[in-house]
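Sequential numbering from 3 applies to the sequence shown in our numbering.
Virtual Cβ for every residue (Gly too), placed ideally from N, Cα, C.
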Amino acid sequence: MELAPIVARLESQLSGFKKIGGAADLEAIGNGVVPTPSCYVVMTRETARDIDLVGGYEQAITVGFGVVIAVANRFDATGGAAIDVLDALRKQIKAALNRWVPDPTNGEVVRFDGGALVRFDDGLLWWLDEYHVLTYERIL
């Protein structure tokens with residue numbers, strides 16, 4: 003599954019982000035300056051199961067992807083201010099993705115799986131929310 007439609011969906015639905023991108027954008031940051039707030043769509047997993055068909059082949063493929071969110075936390079040692087900002091950003095992202103169908107011809111709705119702290123240092127809070135979408139591969 004291509005992630006570009008997910009990035010495009012976020013770009014069209016979100017406000018207040020300085021950068022919305024993909025894995026290549028996240029990698030390009032390296033140890034440089036991170037625009038905040040920002041988010042990046044990355045592939046996290048893919049699993050498949052066979053579906054029996056007469057005269058054909060089909061697999062249900064669950065594609066997992068994550069949205070990595072970067073929030074500045076430069077003025078609050080406890081991280082409380084960053085958590086408040088993060089919460090508002092996560093709500094926007096969930097509203098944009100939950101129950102959205104990236105490919106109506108070949109898939110189902112996006113579903114939220116959960117989130118976790120990735121890193122919290124150098125004045126930045128990094129958070130990962132994970133989602134999945136079920137798609138189908140058919141060969142008849």
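CB-CB under 7 angstroms to residue i, same chain, minus the five flanking residues each way: which ones, in chain order?
i: Leu88; result: Ile71, Val73, Leu127, Trp129
By DSSP, does residue i sit in helix, in strand, or in coil?
i: Lys96; result: helix
i: Glu4; result: coil
i: Arg11; result: helix
i: Leu28; result: helix
i: Asp89; result: helix
Output the distance between the C-alpha atoms of residue i and residue j, rounded to the nearest integer angstrom.
i: Asp54; j: Val112; result: 24 angstroms
i: Gly24; j: Ala118; result: 19 angstroms
To which residues of the same chain is residue i closer than 8 angstroms at the C-beta, ignoring the five residues directly before and after it?
i: Thr38; result: Lys20, Ala72, Val73, Ala74, Leu126
Could you check how far apart the C-beta atoms of residue i and residue j are, in whole angstroms? I think they sit under 8 angstroms.
i: Thr46; j: Phe67; result: 6 angstroms
i: Leu12; j: Ile95; result: 7 angstroms
i: Gln61; j: Glu139; result: 5 angstroms
i: Val36; j: Asp131; result: At roughly 17 angstroms, the Cβ-Cβ gap does not stay under 8 angstroms, so Val36 and Asp131 are not in contact.
Near residue i, what residues of its chain come up, given a Cβ to Cβ distance below 6 angstroms and the 5 sequence neighbours on each side ignored?
i: Thr64; result: Thr49, His134, Leu136
Just tell me which of the options has its CA closest to the CA of residue i.
i: Lys93; options: Asp123, Ile8, Gln15, Gly58; result: Gln15
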